[in-house]
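Reading through the structure tokens given below for one structure.
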Amino acid sequence: MDHMLKIQEPVLRAASPRGFALFALGFRPFYLVASVFAAVSTLLWIGDYAGVLPPVYGHDPVLHAHEMIYGYAIAVIVGFLFTAGRNWAEQPTPQGGLLASFVALWLAGRILVLTPWTVAAAVVDAAFPMAAAIALAVPFLRSRNKRNYFFVGLLFLIGAADLG
162 MDHMLKIQEP VLRAASPRGF ALFALGFRPF YLVASVFAAV STLLWIGDYA GVLPPVYGHD
222 PVLHAHEMIY GYAIAVIVGF LFTAGRNWAE QPTPQGGLLA SFVALWLAGR ILVLTPWTVA
282 AAVVDAAFPM AAAIALAVPF LRSRNKRNYF FVGLLFLIGA ADLG
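Going by my numbering, the sequence shown wraps up at 325, each residue one higher than the last.
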């Protein structure tokens, strides 16, 4: 019994989130909007291919793949990184109104893809992961958390790839 390993719960030194619970931690709104987006887009695609609805993405499988990566997956990734980054850096990540504005930027990208304004859609869509990278960089730089700078660079690369 002398060789038992003691496990301690991690202590978060960053300020506890306050305000509306949905916008207190990054995973909450992003996991919600990603799951709703996945369900709604699936129904739209079924209706499109069945001929019940007008073409949502013009029967373009490349655009569908784009939306699954840069729409659904990036929302899940940013939600995770905003939540985990808070623990890694022991600094606050976007919450409250700022977090809601990130959700609005992501949502604007999803809506603009359905419009004829392709350049605006591309710019807004690519701006989301790049803005998230900056927001994640702030707590990492404050805490000198160099080990996780990789994720900041990765988000910038995702944004650049989205423009491509």
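Beta carbons are placed, not taken as given, at the ideal position from N, Cα and C, and that holds for glycine. From a predicted model like this one, the values you see are computed outputs, not experimental measurements.
Query	Result
L268, DSSP secondary structure in three states	helix
For R271 and L324, the rounded distance between their alpha carbons	15 Å
Burial state of D286, where buried means 16 or more other Cβ atoms lie within 10 Å	buried
7 Å Cβ cutoff met for V197 and A236	no
Expected contact under 8 Å - CB spacing of S304 and A250 to nearest Å	4 Å
Neighbourhood of G258 by C-beta, 8 Å cutoff - its chain only, sequence neighbours within 5 removed	F184
Burial state of F311, where buried means 16 or more other Cβ atoms lie within 10 Å	exposed
Alpha helix (DSSP H) segment containing D221, residue limits	That residue, D221, is in no alpha helix (DSSP H); it is neither H nor E in DSSP.
Close beta carbons around F191, own chain, < 6 Å, minus the five adjacent residues each side	A236, V239, G240
Alpha-carbon spacing of A269 relative to D209, whole angstroms	22 Å
Supposed contact pair G320 and M291 - C-beta distance, whole angstroms, cut 8 Å	4 Å
L273 beta carbon less than 7 Å from that of A265	no
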